[in-house]
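Note sheet for the following structure.
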Amino acid sequence: MKIFRLVMLLFLASLSAQAQKQEIRAVWLTTIKSLDWPNSKNPQKQREELCLMLDRLRQAGINTVLMQTRVRATTIYPSKLEPWDVGVAGAYGRSPGYDVLRFAIDECHKRGMQLHAWVVTLPVGQWNAGGCKALRQKHPKLVRKFGDEGFMNPEAPGTADYLAEVCREIVQNYDVDGLHLDYIRYPDPWPKARKAAERQQRRQHITRIVSAIHQAVKQAKPWVIFSCSPVGKHSDLSRYSSAGWNARDAVCQDAQAWLRDGLMDALYPMMYFRGNHFFPFLLDWKERSYGRFIVPGLGIYFLDPKEGQWPLDEVVRQLNVCRNEGLGHCYFRVRFLLDNHKGVLDFARQFDALPALIPPMTWYGTQAPTAPASLKAADGRLTWGEADDPSGAPYLLYNIYASADDPVDTSNPQNLIATRLTKTSIALPSPRLNYAVTAQNRYGQEGPARQLLLNAGPRYFAPVIARADGQYISLPPKDKGLDAEFVVVETMQGLPVAVLPYPADALDISSIPNGIYQVRSLGRKGITHRLGFFSIKR
Numbered sequence: 006m007k008i009f010r011l012v013m014l015l016f017l018a019s020l021s022a023q024a025q026k027q028e029i030r031a032v033w034l035t036t037i038k039s040l041d042w043p044n045s046k047n048p049q050k051q052r053e054e055l056c057l058m059l060d061r062l063r064q065a066g067i068n069t070v071l072m073q074t075r076v077r078a079t080t081i082y083p084s085k086l087e088p089w090d091v092g093v094a095g096a097y098g099r100s101p102g103y104d105v106l107r108f109a110i111d112e113c114h115k116r117g118m119q120l121h122a123w124v125v126t127l128p129v130g131q132w133n134a135g136g137c138k139a140l141r142q143k144h145p146k147l148v149r150k151f152g153d154e155g156f157m158n159p160e161a162p163g164t165a166d167y168l169a170e171v172c173r174e175i176v177q178n179y180d181v182d183g184l185h186l187d188y189i190r191y192p193d194p195w196p197k198a199r200k201a202a203e204r205q206q207r208r209q210h211i212t213r214i215v216s217a218i219h220q221a222v223k224q225a226k227p228w229v230i231f232s233c234s235p236v237g238k239h240s241d242l243s244r245y246s247s248a249g250w251n252a253r254d255a256v257c258q259d260a261q262a263w264l265r266d267g268l269m270d271a272l273y274p275m276m277y278f279r280g281n282h283f284f285p286f287l288l289d290w291k292e293r294s295y296g297r298f299i300v301p302g303l304g305i306y307f308l309d310p311k312e313g314q315w316p317l318d319e320v321v322r323q324l325n326v327c328r329n330e331g332l333g334h335c336y337f338r339v340r341f342l343l344d345n346h347k348g349v350l351d352f353a354r355q356f357d358a359l360p361a362l363i364p365p366m367t368w369y370g371t372q373a374p375t376a377p378a379s380l381k382a383a384d385g386r387l388t389w390g391e392a393d394d395p396s397g398a399p400y401l402l403y404n405i406y407a408s409a410d411d412p413v414d415t416s417n418p419q420n421l422i423a424t425r426l427t428k429t430s431i432a433l434p435s436p437r438l439n440y441a442v443t444a445q446n447r448y449g450q451e452g453p454a455r456q457l458l459l460n461a462g463p464r465y466f467a468p469v470i471a472r473a474d475g476q477y478i479s480l481p482p483k484d485k486g487l488d489a490e491f492v493v494v495e496t497m498q499g500l501p502v503a504v505l506p507y508p509a510d511a512l513d514i515s516s517i518p519n520g521i522y523q524v525r526s527l528g529r530k531g532i533t534h535r536l537g538f539f540s541i542k543r
């Protein structure tokens with residue numbers, strides 16, 4: 006049954022749009038009420054849980070983690086402005102004994118992933134608890150009560166300055182790759198605006214807050230990606246209604262204007278819909294992106310039987326359209342992805358089997374880095390010299406490409422094997438490949454490659470020998486000691502692209518796209534052995 010399921014997922018993946026070298030593949034990681042993390046109040050177990058979670062996200066191709074950092078006027082880092090959140094240590098204001106945000110940033114960066122600090126802006130939680138109570142004591146004029154909940158007042162002059170200071174503290178003190186605003190809109194319980202002039206005034210109040218935070222972020226570190234998650238439909242379209250729920254008019258969130266006016270680098274619209282409630286509005290976001298990043302948020306929680314009845318192919322269609330339109334994708338949220346409802350995690354591993362770089366913020370116009378100073382292979386390691394960077398950002402990142410061809414084509418996403426490395430050496434993946442290394446600055450601009458020729462031989466190389474037509478490969482004969490019923494073809498990153506019966510003669514690879522692969526046997530008990538490597542270039 007597991008083999009059948011994997012084969013079906015591979016079939017769906019085979020229908021997918023062509024992988025992109027540059028693509029934001031994100032997920033929201035929720036910390037409020039420990040919905041995604043942490044499950045334990047023990048600091049060591051928390052760290053272990055997070056590392057395991059990040060490993061699994063990386064295997065699913067995620068390159069951007071939006072981590073809830075300001076929760077409800079509470080934080081997951083030591084702040085001079087607000088208390089610790091209850092979720093990390095079990096009580097408001099209590100430290101878990103380590104800096105959660107710093108640890109998460111370091112662990113994401115070790116895995117070549119970006120971390121964006123997700124800041125919940127206007128909702129501040131229960132009126133007489135935690136962050137809301139502390140905020141009211143310091144700034145009583147900034148908070149309004151609706152029911153049992155408190156909200157920062159978007160119309161109060163001090164709200165913009167206070168939220169800008171919260172975000173400035175994060176960006177100045179932490180090596181975050183992005184700052185991501187949530188609930189940057191009129192709160193749901195607020196009295197509705199009935200007239201167009203009133204709605205426009207409210208949009209100006211929200212935009213004033215966005216502008217203040219933008220200025221604080223960019224003055225501190227201009228390479229930090231500034232984004233938000235607007236309501237999934239910006240406004241009514243000529244042929245499709247938003248059914249009364251949209252960003253611009255219902256909650257006074259002028260998100261497309263923020264892109265146009267340079268206040269935002271990216272939008273993650275919460276597109277938790279399907280059919281005509283999804284695709285026309287997706288194109289509307291793209292058409293009014295003004296060259297900035299659009300990363301649709303996908304409601305994969307509807308795959309959970311407790312939440313909805315979506316089939317997997319609904320998400321598959323949305324992912325394919327996002328990729329065909331040159332957009333990224335963001336899953337809401339971590340638990341629904343890693344719980345693998347209806348096989349969504351299995352599919353994600355295939356859909357994003359190849360790594361991808363974060364696209365560059367070209368609107369800042371900084372120069373790309375130079376090529377690394379040198380590149381060599383010795384003592385089982387691939388080592389390169391540092392590149393020069395005119396951007397002014399604090400450090401460079403390095404990307405590794407591999408191919409049997411010379412020179413290695415760095416425009417081909419199939420050749421990208423490692424991204425965003427901060428060190429200048431790695432273990433040599435294989436002595437039978439050629440390599441290229443590029444430097445990338447914090448704005449995302451990638452410089453020219455430094456090439457290294459190690460393999461001057463044929464395209465198809467030992468220990469797996471392929472026929473000249475690129476349709477078959479020969480495998481070692483299956484002796485009695487090899488418990489192998491199947492062959493698994495994997496990328497160089499270890500992600501499977503095909504599961505096939507172990508052949509008596511030659512393995513048919515005609516359905517596998519060009520690239521570099523390794524082959525493993527798969528036995529009845531799940532035991533695998535690597536048989537070798539091969540390259541396809543038709």
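Read in order, the letters of the sequence shown are residues 6 to 543 in my numbering.
The C-beta atom is built at its ideal place from N, Cα and C for all residues, glycine as well.
Proximity to residue i [Cα-Cα], best of the options
i	options	result
aspartate 41	Gln49, Leu57, Tyr440, Lys26	Leu57
glutamate 312	Gly296, Lys291, Arg340, Glu330	Arg340
asparagine 446	Thr496, Leu433, Ala392, Gln476	Ala392
arginine 61	Arg354, Pro434, Arg207	Arg354
tyrosine 440	Gln450, Leu426, Leu458	Leu458
glycine 452	Asp394, Thr427, Asp410	Asp394
histidine 121	Thr164, Thr69, Gln450, Lys150	Thr69
serine 479	Ala461, Arg437, Val32, Ala509	Ala509
serine 294	Arg253, Arg437, Leu272, Thr79	Leu272
lysine 26	Pro418, Lys238, Ala382, Leu343	Pro418
aspartate 259	Leu308, Leu55, Ile189	Ile189
phenylalanine 151	Ala169, Thr164, Leu127	Leu127
tyrosine 179	Ala217, Tyr103, Asn251, Tyr82	Tyr82
alanine 398	Lys381, Tyr448, Thr74, His144	Tyr448
arginine 322	Phe284, Pro310, Glu87, Leu343	Phe284
alanine 169	Thr212, Ser240, Trp368	Thr212
arginine 244	Leu288, Met275, Cys257, Ala221	Leu288
valine 91	Cys327, Ala22, Met366, Ile37	Ile37
alanine 109	Ala78, Leu536, Gln73, Trp132	Gln73
glutamate 53	Lys143, Pro88, Glu330, Glu112	Glu112
leucine 34	Gly348, Leu342, Ser100	Leu342
Inter-residue CB distance, residue i and residue j (contact presumed, cutoff 8 Å)
i	j	result
threonine 424	tryptophan 389	With a Cβ gap of about 15 Å, threonine 424 and tryptophan 389 do not count as contacting.
glutamine 219	leucine 268	Before going on, a small fix: residue 219 reads as histidine here, not glutamine. Indeed they touch by this definition, with Cβ atoms about 5 Å apart.
tyrosine 191	glycine 135	About 23 Å separates the two Cβ atoms, so there is no contact after all.
glycine 544	arginine 107	The first residue shown for the chain is 6 and the last is 543, placing residue 544 beyond what the model contains.
leucine 140	asparagine 158	The pair is not a contact, with the Cβ atoms about 11 Å apart (cut-off 8 Å).
aspartate 5	isoleucine 230	Residue 5 is absent from the structure shown; the chain starts at 6 and stops at 543.
valine 504	threonine 496	Contact flag wrong, Cβ pair sits at about 14 Å.
leucine 186	cysteine 233	4 Å
glutamine 450	alanine 373	4 Å
glycine 95	lysine 46	5 Å
leucine 527	valine 494	That belief does not hold up - the Cβ atoms of leucine 527 and valine 494 are roughly 11 Å apart, past 8 Å.
alanine 407	asparagine 420	6 Å
glutamine 476	isoleucine 521	No, glutamine 476 and isoleucine 521 are not in contact; Cβ-Cβ is about 17 Å, not under 8 Å.
tyrosine 400	threonine 443	Wrong, their Cβ atoms sit about 15 Å apart, outside the cutoff.
cysteine 335	valine 32	6 Å
phenylalanine 298	glycine 237	No, phenylalanine 298 and glycine 237 are not in contact; Cβ-Cβ is about 16 Å, not under 8 Å.
tryptophan 315	leucine 324	Incorrect: roughly 13 Å between the Cβ atoms, too far for contact.
C-beta atoms of residue i and residue j nearer than 8 Å
i	j	result
glycine 304	phenylalanine 337	yes
histidine 114	glutamate 160	no
lysine 226	valine 176	yes
valine 181	valine 124	no
glycine 163	glutamine 119	no
proline 434	isoleucine 422	yes
alanine 358	leucine 500	yes
asparagine 460	alanine 382	no
8 Å Cβ cutoff, residue i in contact with chain C
i	result
arginine 328	The chain labelled as chain C is not found in the depicted structure, where only one protein chain is given.
Residues sharing a beta bridge with residue i, DSSP
i	result
tyrosine 477	Asp513
tyrosine 191	In the DSSP output, where bridge partners are listed per residue, tyrosine 191 has none listed.
leucine 34	Met72
arginine 455	Val442
isoleucine 299	Leu272
Residue i: CB within 7 Å of a non-hydrogen atom of the ligand ATP
i	result
cysteine 56	The ligand ATP is absent from the structure shown, which contains no ligands of any kind.
request  = Any chance you could list the alpha helix (DSSP H) runs of at least 4 consecutive residues sitting entirely within the segment 331-418, in chain order?
outcome  = 339-343, 349-356
inquiry  = List, from N- to C-terminal side, the alpha helix (DSSP H) runs of 4 residues or more that fit wholly inside the segment 225-294.
reply    = 252-255, 260-265, 284-292
key: In chain order, each beta strand (DSSP E) run of at least 3 residues that lies wholly inside the segment 500-534   = 501-506, 511-513, 520-527
task = Please go through the segment 107-187 and give each complete alpha helix (DSSP H) segment of 4 or more residues, from N-terminal end onward.
result = 135-143, 162-178
message = Give the list of continuous alpha helix (DSSP H) stretches no shorter than 4 residues that lie fully inside the segment 46-95.
response = 48-64, 91-94
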